[in-house]
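First to last, the protein sequences are chains C and X. When the letters of the first sequence are read in order and numbered with the numbering used here, they come out as residues 1 to 504. When the letters of the second sequence are read in order and numbered with the numbering used here, they come out as residues 1 to 655. Down below is the structure, laid out as structure tokens.
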Amino acid sequence: MVDNLLSVLIWLPIAGGVVLLAMGDGNDAASARANAMRWTALAVSVLTFVLSIGLYTGFDTTTAAMQFVERAPWIDAIDVWYYLGVDGFSAPLILLTTFITPLVVIAGWDVIKTRPAQYFAAFLILEGLMNGVFSALDGLLFYVFWEAMLVPMFLIIGVWGGERRVYATLKFFLYTFLGSVLMLVAFIYLYRLTGSFDMGRWMEVPVSLTAQKMIFIAFLLAFAIKVPMWPVHTWLPDAHVEAPTGGSVILAAILLKMGGYGFVRFSLPMVPDGSRYFAGMMIALSLIAVVYIGFVALMQKDMKKLIAYSSIAHMGFVTLGFFIVWHMFGESGAVLGVSGGMVQMVSHGLISGAMFLCVGVLYDRVHSRQISDYGGVANTMPVFAAFMVLFAMANAGLPGTSGFVGEFMVIIASFKANPWFAFFAAMTLVLGAAYTLWMIKRVVYGEVANDHVATLEDVNRREFIVLGILAFAVLLVGLWPAPLIDMMEVTIQHLVEQAGQTKY
Amino acid sequence: MYSYYLTIVLAPLFAAIVAGLFGYKIGRKGAHSITIGAVGLSCVLSFYVLYRMYWGGAEPENISVYTWAVSDGLRMEVGFLVDRLTVLMMAVVTFVSFMVHIYTIGYMHDDPGYQRFFSYISLFTFSMLMLVMSNNFLQLFFGWEAVGLVSYLLIGFWFKRETAIFANLKAFLVNRVGDFGFILGIAAVVMFTGSLDYATVFGQAEEVAAQSVEVFPGSPWNAMTLICILLFIGAMGKSAQAPLHVWLPDSMEGPTPISALIHAATMVTAGIFMVARMSPLYEFSTTALAVVIVIGAITAFFMGLLGIVQNDIKRVVAYSTLSQLGYMTVALGASAYGAAIFHLMTHAFFKALLFLAAGSVIIAMHHEQDIRKMGGIRKYMPITYWTSLIGSLALIGFPGTAGFFSKDLLIEAVRDSHWHGEGAVYWIAYLSVLLGVFVTALYSFRMFFLVFHGEERMDKETRSHLHETPWVVTVPLVMLAIPSLAIGWFTVGPVLFGGFFGDAIFVEHSRDVLAHIGEHWHGPMGLLTHTWQTPVFWLAMGGLATAVYLYLLRPDLPAKIKAKVEGLYNLLDRKYYFDDLYIKGFAAWGRGIGTALWKHGDQFLIDGVLVNGTANSVGKLAGVMRQLQSGYLYTYAFAMIIGLTMFLGWLIWFR
């Protein structure tokens, strides 16, 4: 066991990133120094993952209390603490982060030709900051990590991105920044009320209904933009299209989860009455995300955009699962919905990451993301085709893959809330299959479409490892989700109690 | 027995993984050896389990394998329920699969995707066994979707063909429409019973049936009716009932062995099996049974008609499958679950036989499938000819064959069912299955005569190569012909009237039409000797005679008839315009909505007006503000004076 495990998970990758930045690569991607930097990045990220396993093995699934707690004064004058801890919500997401980051490092190995050291440094620092967001229990500390996260992501898209990267980065930055500023206002209000930045105190303090509504709106903007929910989702397709593959993977797999995490960490327990007041609207927005975005995804011509839109639709299940809680008090179903939403977050992290990596594999060879530039890839890349079809099926929610678990639980729970919620949610069975498999039909199957496809080479060992590990994870969660669900169950029961209380 | 069950299920999975992932290492021989060995093992063990349960008197077993997840008190498990319904399905699935595996050696002989094909069909066997052996709704859904996946992969097996990859996408999506209803049905089950476990759910059926739910405000539905209809929508997708039948004929783009295994004998019967399995629920909703029987009747009759105008050898058999699935569904709706499952079993044998025989012809014809270009093949392929004849006779219910017993009693059950005297539902169902017999005989022997008899219409080149197919092809034909011919004799009594299914199927007493028929049951010989008194017999003979007249004696007539009834012919030829409705209607409509939402919603309204609009407005406002910051001292002074004046004015007049 490592003492201060959470601190290690935050600062080890950040320190590794700083070392990489300090050493640099001499601006030559082929140099021995650049290579050493790659190995350093891989070693740091793998070490972080190995250490994070302690978070699973040492996790007590019988309590909703914070675990692995670390607490030290930071700014005494305004009672800010360096206060960390995890529960059933944050621990799986930290594990997801430490699991995905090494894969992103491997995926970028020799693909990144410009400034590789800085590229890997950005991802390591980002990893540490993301772990910080998930483990911070002090409001201000949370806010610092939350905003700091934007910087490496901004650079990843802005430096290693595609042609319209400036537009995409600005859109990404302004969109998310707009949301978080209002969140800060809400934080300050809660601080004034309690005299503390302790998030545990914020969950307990009574807040008037009017204030709860306003705080909810402030939180909503921050989190809904991150998720993203309809109609504040339009930054995502642009950001994905312009981001390098690794950036897309992290963006889809982890950054979007910040929004979902925010809802269960802040909105539901801190302003339960405000959340209840807006629950109907939230459910409507979630269902719009599933149906509306499902149709939009169908017509995308760019593979990355298609997957980006599919992400939005899948995240609709997350918010749906969270906000049907108020339809089922005193009955079973509420916990199932939230649990389904959480599983969906983890699963989406794996599947969307894998899908973006698949597109990356094709992009590295043909330098196009347009569906129409492909066709018959299975002829020249059979192993790759097998992977892509597997991940596509997972994306379409096939049982046995992780994509099914969360959707199934949310549909079951929402039927109980109101059969019509389930009716619209279940439309994803048809829409999700339609947009994903139509893309597969046009890209993977068919006769060899052009000379580019005819000369394609199948996945190399490096790509095979990355996709293979993800395939294993997708199947593992799909065939045996019990460990993941058990980890969260008690915490979710506690949340449902908190959300059920009236606190004004 | 637990280890036996696990072996039965996991052996094909293991073989599929080995053949799929390491096919390039173990080679063709390795791939087919391991998969055939595995499915053979499953088959032997399944028959042993069947034997133990039926002759050894073993009790049904309900075993949990592992807990998939528990949340909110809802246990989601993987487990086996092995009772008398299950063992029958296990035996049928593994036997047909075993035959198809052997046949595949011959059929796919020259195909570069040999190992992949064996991996897929083994994976299918695993999925289908998971489906039939499940003891809960979660695993049922897993098996349900997994067979759908393998069906998708196999229809698109020749993925270079545009028609194949169109057909597999279509099949998957149409099935997903069914699954949409199915998953909502499962959600409804959980809502009313709080469980996914069959035994628990069935135990609460009566309480559930007493509840109602307001689906539309002001119109309460019986909870059980809602559950059963939603589940049945799933069955309509999987078992290709109208109007979700459109995928099955197109699925013929896949290699013939899988048409036999998946799209005739096993997977498409999953819906029938599911409803029979859920009989403790369906028996509590007369409304749902009415829906089931009407949908089945429409499918049985109208899909049969389409078989008459098809010219592709496999498509004729495909429409015949649709029609026969309709028969089984009608039996379900008549609460004659046993008759449905019995017909499912005999149909599995003779329809697999017909498909494999068609495949044998296709091999010999060098992958020509148009029956207009065949004829007179009888003398070149005697084994295929005789086995096809047996299959066709069984399909039309010729007295003595397996199909005779299952179809005759099925129709009798519909005639005497509780729907009798209930008006329209009864007459729709009864007339459909009755007239369907004539249609079945007509299309079956139309095809049979066009392929095997009459003038040889193939080109010289093909004719010179015509010969009987190798033993790996013909042996499965013979192995399937035996049960097609004989299995009815010794199974009809015990299965339908001997209480074969025990507690596996529940029928409400007043509706138990099979028990009623059983009171007058005098053995298979009795049925046979009285057959000439039934309309079924004469309709079948009528159809056969019509086929003889039109396609053997007066082959010039069909074209003339076709010209006379052109409107009707077009209607049938275009398959009642369902494909046009779905492809030009729904699919195009969906793409239109997608484009509209994307261009007008996302790009114009949200991005154009709101996001970039805000950015532009800020920019413009900043532009205006910038004008004020001119840098000239007199402008600032002027502004100060104006401001001061207004401020003073406000103080003087308003305070």
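The beta carbon of each residue, even a glycine, is placed where N, CA and C say it ideally should be. As the structure is a prediction and not an experimental result, all values here were calculated from the model.
Straight-line measurement puts the Cα of M525(X) at about 8 Å from the Cα of W489(X).
Residue contact check for V96(X) against chain C: no CB pair falls below 9 Å. Along the region 475–502 of chain C, the positions whose C-beta sits under 7 Å from a C-beta of chain X are W480, P481, A482, I485, E489, read in chain order. Using a Cβ-Cβ cut-off of 8 Å, I183(X) is close to F408, I411, A426, L429 of chain C, given in chain order. By the Cβ test, the region 403–416 of chain C is in contact with the region 312–330 of chain C, since at least three Cβ pairs between them sit closer than 8 Å. Closest option to A334(X), judged by alpha-carbon separation, among D416(X), V316(X), F159(X): D416(X). Remark: C-beta atoms of I157(C) and Y119(C) do not approach each other more closely than 9 Å.
At a C-beta separation below 7 Å, S180(C) has no neighbours in chain X, since its nearest C-beta there lies roughly 17 Å away. Only S332, G333, V335, L336, S339 from the region 315–349 of chain C bring a Cβ to less than 7 Å from some Cβ of chain X. Scanning its chain for C-beta atoms nearer than 7 Å, with the 5 sequence neighbours on each side dropped, one finds around L557(X) the residues L550, in chain order. Annotation: Cβ neighbours of Y445(C) in chain X (cutoff 7 Å, chain order): G156, F159, I165. Looking at V264(C), N131(C), V8(C), R38(C), the one whose alpha-carbon comes closest to that of G24(C) is R38(C).
Cβ-Cβ separation between S135(C) and L84(C): approximately 5 Å, consistent with a contact (criterion under 8 Å).
Residues of the region 143–166 of chain C that bring their beta carbon within less than 8 Å of a beta carbon in chain X are absent altogether. Spatial neighbours of P60(X) in its own chain (CB-CB distance under 6 Å, excluding positions within 5 residues in sequence) are listed in chain order as D83. Taking all protein chains shown into account, H101(X) has 16 or more neighbouring C-beta atoms within 10 Å of its C-beta and is therefore buried. When DSSP states are grouped into helix, strand and coil, T321(X) belongs to the helix group. In the DSSP assignment, the residues bridged to D138(C) are D198(C). With contacts defined as CB atoms closer than 9 Å, I125(C) and P13(C) qualify as a contacting pair.
Taking the C-beta atoms as reference points, F126(X) is found nearer than 9 Å to P12(X). Of all residues in the region 214–243 of chain X, only V215 place a beta-carbon less than 7 Å from a beta-carbon of chain C. The beta-carbon of Y198(X) is placed no less than 9 Å from the nearest beta-carbon of chain C.
In summary, G338(X) is buried, with 16 or more beta-carbon neighbours lying within 10 Å of its beta-carbon over all protein chains present. At a cut-off of 9 Å between beta carbons, V147(X) makes no contact with chain C. Under the 9 Å criterion on CB atoms, S285(X) is classed as non-interfacial with respect to chain C. Neighbours of W438(C) in chain X, taken as residues whose beta carbon is under 7 Å from its own, are L169 in chain order. By the Cβ-count criterion, H367(C) is exposed, with fewer than 16 other Cβ atoms from all chains shown falling within 10 Å of its own Cβ.
Between A449(C) and chain X, the shortest Cβ-Cβ separation is not below 9 Å. In the DSSP annotation of this structure, Q603(X) is not part of any beta strand (DSSP E), being labelled neither H nor E.
Here the alpha carbons of A441(X) and L553(X) stand approximately 17 Å from one another. Taking 9 Å as the CB threshold, A188(X) lines the interface with chain C.
In the structure shown, I487(X) falls within a helical segment according to DSSP collapsed to helix, strand and coil. Rounded to the nearest whole angstrom, the C-alpha separation of G432(C) and G594(X) is 13 Å. Against chain X, the beta carbon of K416(C) has neighbours under 8 Å at A187, V190, M191, listed in chain order. The beta carbon of E162(X) sits closer than 9 Å to some beta carbon of chain C. Residues of the region 184–210 of chain C with a Cβ closer than 7 Å to any Cβ of chain X: none.
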